[in-house]
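Encoded as structure tokens, the structure appears first; notes follow it.
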Amino acid sequence: MDDGFRTIIEPFRIHSVEPMRMLDRAERQRRLAEAEYNLFALHADDVLIDLLTDSGTGAMSSEQWAAVQRGNEAYAGAPSWFRFEAAVKELFPFRHVLPTHQGRAAERILFSVVGGPGKVVPNNTHFDTTRANIEATGAEAVDLIIPEGRQPRTEHPFKGNMDVAALERLLAGRGGDVPLVMLTITNNSGGGQPVSMANMRAVRAVCARHGRPLFLDACRFAENAWFIKTREAGYAGVAVADIVREMASLADGMTMSAKKDPLANIGGWLAFNDDPLAEQCRNLEILTEGFPTYGGLAGRDLEAIAVGLREAVDEDYLRYRIASVRYLGDALRRLGVPVVVPFGGHAIFIDAREFLSHLPPLSYPGQSLACALYVEGGVRSCEIGTVMFGRQVDGTEQPAPMDLVRLAVPRRTYTQSHLDYVIEVVERVAAKAGDLVGMKATYLPGRLRHFTARFQPLPH
Ligand SMILES: Cc1ncc(COP(=O)(O)O)c(C=O)c1O
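Count along the sequence shown starting at 1, add 288, and that's the number in the working numbering.
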């Protein structure tokens, strides 16, 4: 219920706690140098507030833990599988559901079948693993976001929308090379921005005209549905679960990471209606993930996801979730920190290119800012910019369209006072932003660079 209170009320009370450890600044500096300035290389125990990702880092509910006890570990046809399948189909009624150990496994199976040299896959914005899995097959991954989606300071209620005219042009020219069109809801790499139902309908119509299937990368489907409910005309009175079913009805299939909105710590799935595709994907799944009624997951994981899916569309939960992310964004904006607006569903994105405007993009301002947040207060964030996306297909290095630092908020994990602390850390870094130096890469792998790249601070 929204009774108009100013305070964000977390719609749960704490059930068990996990102590955190405070390092001092000198220790943090040492740990960061040992990690060669890559925050993925830190020990999580050395992090105070971990905003690296919202993926798999949420807190499960007492109902989910109870469901874990019901986990049945039969190799084939376990009751846990049937409960999982029913929960997925309740929201996404596709004929075939293939569980996977996480989202990228679903991507790998799908694109191993439909990708390949000469193919092109459009998306509003491909997430990094999606792009990498497409490119690994020799296919091309193309981002067709609306122009506002590339402008960090432009207000637009649905900045994740696809540029429908650009899609039309691509399909008119190369339709035969497009195995499927994807829409990422919400658009993680573009700032966690939602896609409107109207845009999904328009994309669907273009796909139908050209006979191309539409797939959702639906990791944050519930947050996307909440934005539709609160921002799109005609949806205020529609239940979030019904909005989700409507989104699903416009698509032919989906990939999913259950580590996001389904409130689980592991899991994912691939789902669609196409029977021949199902046969090929199932055979691949058996090769790498496991039998198709567990797909790399334990029965207890399937149970946790089944319960999490129902909790994900709870409207009190979603109201709190979106309000707490907005709370962080509003406070940073009041401090004059350049943030991507409007705020996304799962994270606040700082525009590091503007925040550290004295640093050229090829000296990785996002990486520099992420490191500074850790040294200042033990806050771990993630660069989403030139480190992640700077490598071109021909191997050269170019500035990414934006240099962002993502403060991803794990679900049901941190309280308002944790967020107040993060705000204070950013404020302190802002006070000395002009002193921060850029980064030089000492190692950059060819793909998914941000996970294992290594850096050194440039001299003053
Ligand atoms: C939009 C999107 N797609 C796909 C994935 C990949 O999912 P996973 O990390 O479970 O492999 C992610 C993960 O962050 C994501 O945000």
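Note that CB positions come from ideal geometry on N, CA and C, so glycine has one too. Predicted, not measured: the structure shown is a model, and the values here were computed from it.
Heavy atoms of ligand 1 versus C-beta positions, residues under 6 Å: S343, Q390, G391, R392, F415, T417, T418, T472, N476, D505, C507, S545, K547, G556
Nearest-angstrom Cα separation, counted from Q481 out to E443: Position 155 of the sequence shown, counting from 1, holds the residue named residue 443. Position 193 of the sequence shown, counting from 1, holds the residue named residue 481. Rounded to whole angstroms, E443 to Q481 spans 11 Å at the Cα level.
Span separating the alpha-carbon of T474 from that of D312: Counting from 1 along the sequence shown, the entry for residue 474 is found at position 186. Counting from 1 along the sequence shown, the entry for residue 312 is found at position 24. Each residue's alpha carbon lies about 37 Å from the other.
DSSP state of R383 mapped onto helix, strand, coil: Taking the first residue of the sequence shown as position 1, residue 383 is located at position 95. In this structure, R383 counts as coil in the three-state DSSP scheme.
CB contact flag (M542, Q655, <7 Å): The residue labelled residue 542 in the question sits at position 254 within the sequence shown. The residue labelled residue 655 in the question sits at position 367 within the sequence shown. For M542 and Q655, no; Cβs fall outside 7 Å.
Coil, strand or helix - P649 by DSSP: On the sequence shown, residue 649 is found 361 positions in, with the first residue counted as 1. P649: helix per DSSP, three-state reduction.
Beta-carbon contacts of D333 that lie in its chain and below 8 Å, excluding the five residues immediately before and after: Your numbering for residue 333 matches position 45 in the sequence shown. If we look at D333 and ignore the five residues flanking it on each side, its Cβ neighbours are R309.
Where Q481 falls: helix, strand or coil (DSSP): Against the sequence shown, residue 481 aligns to sequence position 193. It is a strand residue.
Within 7 Å, strictly: CB atoms of G404 and T581: Working through the sequence shown from its first residue, we reach residue 404 at position 116. Working through the sequence shown from its first residue, we reach residue 581 at position 293. No.
Burial state of G250, where buried means 16 or more other Cβ atoms lie within 10 Å: Residue 250 is absent from the structure shown; the chain starts at 289 and stops at 748.
Supposed contact pair R679 and E671 - C-beta distance, whole angstroms, cut 8 Å: Taking the first residue of the sequence shown as position 1, residue 671 is located at position 383. Taking the first residue of the sequence shown as position 1, residue 679 is located at position 391. Not really, about 14 Å apart at Cβ, beyond 8 Å.
Of the residues K447, I554, A566, the one placed nearest F399, counting alpha carbons only: On the sequence shown, residue 399 is found 111 positions in, with the first residue counted as 1. Nearest C-alpha to F399: A566.
Range of the contiguous alpha helix (DSSP H) that encloses A546: For the purposes of this step, residue 546 is identified with residue 258 of the sequence shown, where counting begins at 1. Taken as a continuous stretch (DSSP letters only), A546 belongs to no alpha helix (DSSP H), as it is neither H nor E.
Where the alpha helix (DSSP H) containing M676 begins and where it ends: As a first step, residue 676 must be located in the sequence shown, where it is residue number 388. 674-677 is the span of the alpha helix (DSSP H), which, as asked, contains M676.
Same chain, Cβ closer than 6 Å to R588, neighbours up to 5 away in sequence not counted: What you label residue 588 is simply residue 300 of the sequence shown in a count that begins at 1. If we look at R588 and ignore the five residues flanking it on each side, its Cβ neighbours are V356, G359.
R694 and G346 closer than 7 Å at C-beta: As a first step, residue 694 must be located in the sequence shown, where it is residue number 406. As a first step, residue 346 must be located in the sequence shown, where it is residue number 58. Contact flag unset, no.
Residue interval of the alpha helix (DSSP H) (run including I397): As a working mapping, residue 397 is identified with position 109 in the sequence shown. Counting along the chain, the alpha helix (DSSP H) containing I397 begins and ends at 391-402.
Where K377 falls: helix, strand or coil (DSSP): What you label residue 377 is simply residue 89 of the sequence shown in a count that begins at 1. Helix.
Proximity of I531 and G555 at Cβ, strictly below 7 Å: Here residue 531 corresponds to residue number 243 of the sequence shown, with the count starting at 1. Here residue 555 corresponds to residue number 267 of the sequence shown, with the count starting at 1. In this structure, G555 does not lie closer than 7 Å to I531 by Cβ.
Simplified DSSP state of C659, which is helix, strand or coil: Walking along the sequence shown from the start, residue 659 turns up at place 371. Reduced to three states, the DSSP call for C659 is helix.
Paired residues, beta bridge with M727 - DSSP: Position 439 of the sequence shown holds residue 727. Bridge partners of M727: P745.
Bridge partners - P467, DSSP secondary structure assignment: Your numbering for residue 467 matches position 179 in the sequence shown. Bridge pairing for P467: absent [DSSP].
Which residues DSSP lists as bridging N475, in chain order: Here residue 475 corresponds to residue number 187 of the sequence shown, with the count starting at 1. Answer is Q481.
CA nearest to the CA of P747, picked from T740, L732, V725, T730: The residue given as residue 747 occupies position 459 in the sequence shown. Per the Cα distances, V725.
Test item: CB-CB of R607 and L340 under 7 Å: Residue numbering aside, residue 607 sits at position 319 when the sequence shown is read from its first letter. Residue numbering aside, residue 340 sits at position 52 when the sequence shown is read from its first letter. Taking 7 Å as the Cβ cut-off, R607 and L340 do not qualify as a contacting pair.
Spatial distance of R598 from L379 (CA atoms): Locating residue 598 in the sequence shown gives position 310, where the first residue counts as 1. Locating residue 379 in the sequence shown gives position 91, where the first residue counts as 1. Taking the straight line from one Cα to the other gives about 9 Å.
Extent of the continuous alpha helix (DSSP H) run through G633: Within the sequence shown, the letter at position 345 stands for residue 633. Careful: G633 lies outside any alpha helix (DSSP H) and carries neither H nor E.
Other residues of its chain near E712: CB distance less than 8 Å, five sequence neighbours each side excluded: Taking the sequence shown and counting its residues from 1, one reaches residue 712 at position 424. Same-chain partners within the cutoff: G665.
Among S612, V409, S484, the one whose alpha carbon lies nearest that of A427: On the sequence shown, position 139 is the one that residue 427 refers to. Closest option to A427, Cα to Cα, is V409.
Inter-residue Cα distance where the pair is R419 and A362: As a first step, residue 419 must be located in the sequence shown, where it is residue number 131. As a first step, residue 362 must be located in the sequence shown, where it is residue number 74. For R419 and A362, the distance between alpha carbons rounds to 35 Å.
Residue nearest to F509 in terms of C-alpha spacing, selected from A493, G525, C495, M485: Counting from 1 along the sequence shown, the entry for residue 509 is found at position 221. Per the Cα distances, M485.
Nearest residue (CA-CA) to L736, options V675, P501, K720: Counting from 1 along the sequence shown, the entry for residue 736 is found at position 448. Comparing Cα-Cα distances from L736 to each of V675, P501, K720, the minimum goes to V675.
Assigned exposure category for A506 - 16 Cβ within 10 Å defines buried: On the sequence shown, position 218 is the one that residue 506 refers to. So A506 counts as buried.
Proximity of F328 and F643 at Cβ, strictly below 7 Å: What you label residue 328 is simply residue 40 of the sequence shown in a count that begins at 1. What you label residue 643 is simply residue 355 of the sequence shown in a count that begins at 1. Contact flag unset, no.
Reduced DSSP secondary structure (H/G/I, E/B, other) of F560: Locating residue 560 in the sequence shown gives position 272, where the first residue counts as 1. In the structure shown, F560 sits in a strand (DSSP, three-state: E or B).
Backbone secondary structure at L623 - three-state DSSP: Within the sequence shown, numbered from 1, the residue matching residue 623 stands at position 335. L623: coil per DSSP, three-state reduction.
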